[in-house]
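Worksheet: the structure to be examined is printed underneath.
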Amino acid sequence: MVREVKNTNYNRTSPEPWVDWLSAHGVVGVGGVDTRALTRHLREQGTMTACVAAGSSFDVNGLLAAARGFGPLAGRDLVQNVTCAHPYEAEVAERGETAESQVTGKRGFHVVAFDYGIRRSALRCLQEAGCRVTVVPASFSAEQALALSPDGVFLSNGPGDPAPLTYAVEAIRGLLGRVPIFATCLGHELLATAVGLRTHKLRFGHHGVNHPVKNYVLDLIEITSQNHGFAVETPRVVTEALERDSNLSAIRAQDLWLDTDYGPVQVTHLNLNDGTVEGLRLQDIPAFGVQYLPEASPGPHDGRYHFQHFVDSMERAA
(Lines of atoms letter the chains of each structure in order from A and count residues from 1; the text may use other names and numbers.)
(Lines give C-alpha, C1' and ligand atoms only; values in the text may rest on other atoms or scores of the structure.)
Protein backbone atom coordinates (compact mmCIF):
# COMPACT_ATOMS: atom_id res chain seq x y z
CA MET A 1 0.00 0.00 0.00
CA VAL A 2 1.61 3.24 -1.17
CA ARG A 3 0.77 6.88 -1.72
CA GLU A 4 2.18 7.10 -5.25
CA VAL A 5 2.99 4.27 -7.64
CA LYS A 6 6.04 4.56 -9.88
CA ASN A 7 6.57 1.52 -12.07
CA THR A 8 10.33 1.78 -12.30
CA ASN A 9 13.22 -0.54 -11.53
CA TYR A 10 13.67 -0.35 -7.74
CA ASN A 11 17.29 -1.46 -8.01
CA ARG A 12 19.92 -1.18 -10.73
CA THR A 13 20.17 -4.99 -10.82
CA SER A 14 16.40 -5.51 -11.16
CA PRO A 15 15.37 -7.31 -14.36
CA GLU A 16 11.95 -5.62 -14.49
CA PRO A 17 9.96 -2.75 -12.93
CA TRP A 18 8.69 -3.55 -9.45
CA VAL A 19 4.97 -3.29 -10.24
CA ASP A 20 5.43 -5.77 -13.09
CA TRP A 21 7.33 -8.03 -10.69
CA LEU A 22 4.51 -7.88 -8.11
CA SER A 23 1.94 -8.65 -10.80
CA ALA A 24 3.94 -11.61 -12.08
CA HIS A 25 3.94 -13.08 -8.57
CA GLY A 26 0.25 -12.44 -7.91
CA VAL A 27 0.81 -9.81 -5.22
CA VAL A 28 -2.03 -7.30 -4.76
CA GLY A 29 -0.99 -3.67 -4.28
CA VAL A 30 -2.93 -0.48 -3.63
CA GLY A 31 -1.85 3.00 -4.72
CA GLY A 32 -3.23 6.49 -4.27
CA VAL A 33 -3.76 6.04 -0.52
CA ASP A 34 -2.98 8.76 2.01
CA THR A 35 -0.87 6.43 4.11
CA ARG A 36 -0.15 9.02 6.80
CA ALA A 37 -3.87 9.67 7.33
CA LEU A 38 -4.45 5.92 7.47
CA THR A 39 -1.66 5.53 10.03
CA ARG A 40 -3.15 8.25 12.24
CA HIS A 41 -6.60 6.66 11.99
CA LEU A 42 -5.27 3.24 13.04
CA ARG A 43 -3.24 4.81 15.83
CA GLU A 44 -6.40 6.31 17.31
CA GLN A 45 -8.85 3.48 16.58
CA GLY A 46 -6.61 0.43 16.98
CA THR A 47 -6.26 -2.55 14.65
CA MET A 48 -9.17 -2.74 12.22
CA THR A 49 -10.48 -5.17 9.61
CA ALA A 50 -10.08 -4.09 5.99
CA CYS A 51 -10.99 -5.48 2.59
CA VAL A 52 -8.64 -5.13 -0.40
CA ALA A 53 -10.10 -5.72 -3.87
CA ALA A 54 -8.67 -5.50 -7.38
CA GLY A 55 -10.52 -4.78 -10.61
CA SER A 56 -12.08 -2.00 -12.63
CA SER A 57 -15.39 -1.74 -10.73
CA PHE A 58 -16.44 -2.48 -7.17
CA ASP A 59 -19.52 -3.10 -5.08
CA VAL A 60 -18.45 -0.80 -2.27
CA ASN A 61 -21.36 -1.75 -0.01
CA GLY A 62 -20.64 -5.43 -0.58
CA LEU A 63 -16.96 -5.00 0.26
CA LEU A 64 -17.84 -3.03 3.38
CA ALA A 65 -20.26 -5.77 4.44
CA ALA A 66 -17.55 -8.39 3.86
CA ALA A 67 -15.11 -6.50 6.09
CA ARG A 68 -17.69 -5.99 8.83
CA GLY A 69 -18.79 -9.62 8.62
CA PHE A 70 -15.28 -11.01 8.96
CA GLY A 71 -15.55 -10.94 12.72
CA PRO A 72 -12.86 -10.70 15.40
CA LEU A 73 -9.70 -12.82 15.36
CA ALA A 74 -9.99 -13.63 19.06
CA GLY A 75 -11.27 -17.14 19.65
CA ARG A 76 -10.79 -18.35 16.07
CA ASP A 77 -8.53 -21.24 15.10
CA LEU A 78 -6.76 -19.92 11.99
CA VAL A 79 -3.95 -22.47 12.14
CA GLN A 80 -6.08 -25.16 10.50
CA ASN A 81 -6.16 -22.96 7.38
CA VAL A 82 -2.37 -22.95 7.00
CA THR A 83 -0.91 -26.11 8.56
CA CYS A 84 0.27 -29.03 6.47
CA ALA A 85 -1.99 -32.06 6.01
CA HIS A 86 0.70 -34.72 6.48
CA PRO A 87 4.23 -34.96 7.92
CA TYR A 88 7.10 -34.36 5.51
CA GLU A 89 10.87 -34.12 5.49
CA ALA A 90 11.95 -30.54 4.84
CA GLU A 91 14.11 -30.21 1.75
CA VAL A 92 17.60 -28.80 2.12
CA ALA A 93 17.28 -25.04 1.72
CA GLU A 94 19.65 -22.89 -0.27
CA ARG A 95 22.27 -21.17 1.81
CA GLY A 96 21.78 -17.43 2.03
CA GLU A 97 23.61 -14.59 3.67
CA THR A 98 22.53 -15.65 7.14
CA ALA A 99 24.31 -15.67 10.47
CA GLU A 100 22.92 -19.05 11.47
CA SER A 101 25.45 -20.77 9.18
CA GLN A 102 27.96 -19.97 11.96
CA VAL A 103 26.20 -22.30 14.43
CA THR A 104 28.78 -24.61 16.02
CA GLY A 105 28.57 -27.94 17.80
CA LYS A 106 27.30 -31.38 16.93
CA ARG A 107 25.52 -31.68 13.58
CA GLY A 108 22.74 -33.97 12.46
CA PHE A 109 20.17 -33.47 15.22
CA HIS A 110 16.65 -34.50 14.24
CA VAL A 111 14.11 -31.74 14.87
CA VAL A 112 10.34 -32.19 14.69
CA ALA A 113 8.80 -28.85 13.67
CA PHE A 114 5.14 -28.26 14.45
CA ASP A 115 3.61 -26.38 11.53
CA TYR A 116 1.31 -23.65 12.83
CA GLY A 117 2.08 -21.66 9.66
CA ILE A 118 5.82 -22.22 9.49
CA ARG A 119 8.06 -19.95 7.42
CA ARG A 120 10.58 -21.33 4.93
CA SER A 121 13.23 -19.12 6.51
CA ALA A 122 12.74 -20.95 9.83
CA LEU A 123 13.33 -24.28 8.11
CA ARG A 124 16.39 -22.82 6.41
CA CYS A 125 17.83 -21.65 9.73
CA LEU A 126 17.31 -25.07 11.30
CA GLN A 127 18.88 -26.80 8.32
CA GLU A 128 21.84 -24.46 8.22
CA ALA A 129 22.33 -25.23 11.91
CA GLY A 130 22.92 -28.81 10.78
CA CYS A 131 19.50 -30.19 11.72
CA ARG A 132 17.38 -32.71 9.86
CA VAL A 133 13.81 -31.40 10.02
CA THR A 134 10.53 -33.29 9.93
CA VAL A 135 7.53 -30.96 9.65
CA VAL A 136 4.31 -32.23 11.24
CA PRO A 137 0.71 -30.94 11.28
CA ALA A 138 -0.40 -28.68 14.12
CA SER A 139 -2.78 -31.39 15.33
CA PHE A 140 0.01 -33.91 16.00
CA SER A 141 -0.03 -35.31 19.53
CA ALA A 142 2.99 -35.56 21.82
CA GLU A 143 3.02 -39.33 21.36
CA GLN A 144 3.02 -39.02 17.57
CA ALA A 145 5.87 -36.51 17.69
CA LEU A 146 7.94 -38.61 20.11
CA ALA A 147 7.42 -41.68 17.92
CA LEU A 148 9.60 -39.90 15.33
CA SER A 149 12.52 -39.97 17.83
CA PRO A 150 13.33 -36.24 17.74
CA ASP A 151 16.34 -34.68 19.45
CA GLY A 152 14.38 -31.45 19.74
CA VAL A 153 11.01 -29.87 18.93
CA PHE A 154 10.46 -26.54 17.19
CA LEU A 155 7.14 -24.70 17.68
CA SER A 156 6.65 -22.40 14.71
CA ASN A 157 5.03 -19.07 14.08
CA GLY A 158 1.45 -18.88 12.85
CA PRO A 159 -1.66 -16.70 12.64
CA GLY A 160 -4.22 -15.62 15.18
CA ASP A 161 -5.19 -16.37 18.75
CA PRO A 162 -3.46 -19.15 20.72
CA ALA A 163 -6.45 -19.58 23.08
CA PRO A 164 -8.54 -21.96 20.91
CA LEU A 165 -5.55 -24.18 20.07
CA THR A 166 -6.15 -26.52 23.01
CA TYR A 167 -4.89 -29.52 21.03
CA ALA A 168 -1.53 -27.80 20.53
CA VAL A 169 -1.26 -26.85 24.20
CA GLU A 170 -1.99 -30.45 25.22
CA ALA A 171 0.73 -31.72 22.88
CA ILE A 172 3.28 -29.23 24.24
CA ARG A 173 2.52 -30.27 27.83
CA GLY A 174 3.17 -33.86 26.81
CA LEU A 175 6.56 -32.86 25.38
CA LEU A 176 7.81 -30.66 28.23
CA GLY A 177 10.68 -32.33 30.04
CA ARG A 178 10.96 -35.11 27.47
CA VAL A 179 12.72 -33.24 24.66
CA PRO A 180 14.25 -29.74 24.27
CA ILE A 181 11.79 -27.18 22.89
CA PHE A 182 12.38 -23.93 20.97
CA ALA A 183 9.35 -21.77 20.15
CA THR A 184 8.80 -18.60 18.12
CA CYS A 185 5.87 -16.20 17.69
CA LEU A 186 2.60 -18.18 18.00
CA GLY A 187 4.62 -21.17 19.20
CA HIS A 188 6.00 -18.97 21.99
CA GLU A 189 2.45 -18.00 23.01
CA LEU A 190 1.43 -21.67 23.02
CA LEU A 191 4.45 -22.60 25.15
CA ALA A 192 3.48 -19.87 27.62
CA THR A 193 -0.11 -21.12 27.69
CA ALA A 194 1.09 -24.69 28.26
CA VAL A 195 2.93 -23.69 31.46
CA GLY A 196 -0.07 -21.75 32.77
CA LEU A 197 0.56 -18.18 31.64
CA ARG A 198 -2.15 -16.09 30.01
CA THR A 199 -2.27 -14.39 26.62
CA HIS A 200 -4.26 -11.41 25.36
CA LYS A 201 -5.02 -9.51 22.18
CA LEU A 202 -2.94 -6.39 21.56
CA ARG A 203 -4.71 -3.12 20.79
CA PHE A 204 -1.95 -2.49 18.28
CA GLY A 205 -0.36 -5.58 16.79
CA HIS A 206 3.39 -5.72 16.25
CA HIS A 207 4.29 -5.76 12.57
CA GLY A 208 7.46 -4.84 10.72
CA VAL A 209 11.22 -5.13 10.98
CA ASN A 210 12.30 -2.48 13.47
CA HIS A 211 11.07 -3.43 16.96
CA PRO A 212 13.56 -2.83 19.81
CA VAL A 213 13.69 -5.64 22.37
CA LYS A 214 15.83 -5.86 25.51
CA ASN A 215 17.47 -9.18 26.34
CA TYR A 216 17.66 -9.23 30.15
CA VAL A 217 19.84 -12.35 30.22
CA LEU A 218 22.63 -10.95 28.03
CA ASP A 219 21.87 -7.29 28.87
CA LEU A 220 21.71 -6.11 25.27
CA ILE A 221 19.24 -4.56 22.84
CA GLU A 222 18.07 -6.48 19.79
CA ILE A 223 16.32 -5.07 16.73
CA THR A 224 13.68 -7.58 15.72
CA SER A 225 11.13 -8.47 13.05
CA GLN A 226 7.61 -9.12 14.33
CA ASN A 227 4.18 -10.07 13.01
CA HIS A 228 1.61 -10.88 15.70
CA GLY A 229 -1.60 -9.52 17.21
CA PHE A 230 -1.57 -11.46 20.49
CA ALA A 231 0.99 -11.60 23.30
CA VAL A 232 1.77 -13.20 26.64
CA GLU A 233 0.29 -11.27 29.56
CA THR A 234 2.78 -8.71 30.89
CA PRO A 235 4.05 -9.35 34.47
CA ARG A 236 2.79 -6.95 37.13
CA VAL A 237 6.29 -5.67 37.91
CA VAL A 238 6.55 -4.44 34.30
CA THR A 239 3.11 -2.80 34.17
CA GLU A 240 3.83 -1.04 37.47
CA ALA A 241 7.14 0.25 36.12
CA LEU A 242 5.43 1.58 32.99
CA GLU A 243 2.71 3.27 35.04
CA ARG A 244 5.31 4.82 37.33
CA ASP A 245 7.82 6.32 34.89
CA SER A 246 6.82 5.13 31.39
CA ASN A 247 10.09 3.26 30.89
CA LEU A 248 11.73 0.00 31.83
CA SER A 249 14.99 1.34 33.22
CA ALA A 250 14.22 0.13 36.74
CA ILE A 251 13.48 -3.45 35.71
CA ARG A 252 16.16 -6.00 36.61
CA ALA A 253 16.59 -9.55 35.36
CA GLN A 254 15.93 -10.95 38.84
CA ASP A 255 12.53 -9.21 38.86
CA LEU A 256 11.30 -11.22 35.89
CA TRP A 257 10.80 -14.68 37.39
CA LEU A 258 7.33 -16.22 37.46
CA ASP A 259 6.07 -19.28 39.37
CA THR A 260 4.30 -21.95 37.30
CA ASP A 261 3.26 -25.60 37.67
CA TYR A 262 6.36 -26.43 35.62
CA GLY A 263 8.73 -24.59 37.93
CA PRO A 264 10.21 -21.08 37.68
CA VAL A 265 9.91 -19.33 34.32
CA GLN A 266 12.00 -16.29 33.46
CA VAL A 267 10.82 -13.49 31.21
CA THR A 268 14.03 -13.07 29.22
CA HIS A 269 13.02 -10.33 26.77
CA LEU A 270 10.75 -7.27 26.86
CA ASN A 271 9.58 -4.99 24.06
CA LEU A 272 10.98 -1.51 24.70
CA ASN A 273 8.04 0.18 22.95
CA ASP A 274 5.22 -1.16 25.11
CA GLY A 275 6.72 -3.56 27.67
CA THR A 276 5.15 -6.69 26.21
CA VAL A 277 6.78 -10.07 26.83
CA GLU A 278 9.18 -11.04 24.03
CA GLY A 279 10.91 -14.09 25.47
CA LEU A 280 10.59 -16.85 28.08
CA ARG A 281 12.70 -19.73 29.36
CA LEU A 282 11.97 -22.48 31.85
CA GLN A 283 14.55 -22.94 34.59
CA ASP A 284 14.14 -26.67 35.22
CA ILE A 285 13.08 -27.86 31.76
CA PRO A 286 14.96 -27.33 28.44
CA ALA A 287 12.37 -25.11 26.80
CA PHE A 288 12.46 -21.48 25.68
CA GLY A 289 10.73 -19.19 23.23
CA VAL A 290 10.68 -15.71 21.73
CA GLN A 291 7.73 -13.69 20.48
CA TYR A 292 9.62 -12.18 17.57
CA LEU A 293 10.93 -13.86 14.42
CA PRO A 294 14.64 -14.73 14.83
CA GLU A 295 14.61 -16.30 11.36
CA ALA A 296 13.45 -13.01 9.77
CA SER A 297 14.13 -12.86 6.04
CA PRO A 298 14.23 -10.09 5.06
CA GLY A 299 14.83 -8.41 8.37
CA PRO A 300 17.34 -8.01 11.20
CA HIS A 301 19.42 -11.01 12.24
CA ASP A 302 20.01 -9.99 15.86
CA GLY A 303 18.11 -13.02 17.17
CA ARG A 304 19.79 -15.71 15.11
CA TYR A 305 21.79 -16.82 18.16
CA HIS A 306 18.66 -18.63 19.41
CA PHE A 307 19.35 -21.41 16.90
CA GLN A 308 22.77 -21.88 18.53
CA HIS A 309 21.07 -22.05 21.93
CA PHE A 310 18.67 -24.68 20.57
CA VAL A 311 21.54 -26.80 19.26
CA ASP A 312 23.32 -26.39 22.61
CA SER A 313 20.22 -27.57 24.49
CA MET A 314 19.98 -30.67 22.28
CA GLU A 315 23.68 -31.41 22.88
CA ARG A 316 23.17 -31.22 26.64
CA ALA A 317 20.16 -33.54 26.42
CA ALA A 318 21.88 -36.09 24.15
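Taking the working numbering, the leading residue of the sequence shown gets 381, the next gets one more, and so forth.
Using N, Cα and C, we set each Cβ at its ideal position, and we do this for glycine too.
DSSP, reduced to helix, strand and coil, places A574 within a helical segment of the structure shown.
For V593, DSSP records a beta bridge to E602, N651. In the three-state reduction of the DSSP assignment, L582 falls in the strand class, which pools E and B. Counting along the chain, G449 sits inside no beta strand (DSSP E); it lies in the alpha helix (DSSP H) bounded by residues 440–449. When the alpha-carbon of A621 is set against those of V491, A630, P678, the nearest one is in A630.
When DSSP states are grouped into helix, strand and coil, I561 belongs to the strand group. Looking only at L503, L662, L506, the smallest Cα-Cα distance to T573 is reached by L662. Beta-bridge partners of D495 (DSSP): P517. With contacts defined by Cβ atoms closer than 8 Å, R578 and L526 do not form a contacting pair. Excluding the 5 residues flanking it on each side, M428 has same chain C-beta neighbours closer than 7 Å at L422, in chain order. The alpha-carbon of Y547 is positioned some 42 Å away from that of V399. M381 and V410 do touch by the CB rule: their CB atoms are close to 5 Å apart, below 8 Å.
The criterion of a C-beta distance shorter than 8 Å is not satisfied by D541 and A430. Bounds of the beta strand (DSSP E) holding V533 are 532–535. Assignment of L418 by DSSP, reduced to helix, strand and coil, places it in the helix class.
Setting aside the 5 residues that flank it on each side, G567 is surrounded in the same chain by F494, Y496, F534, L535, S536, N537, G538, G669, each with a C-beta closer than 8 Å to its C-beta; the list follows chain order.
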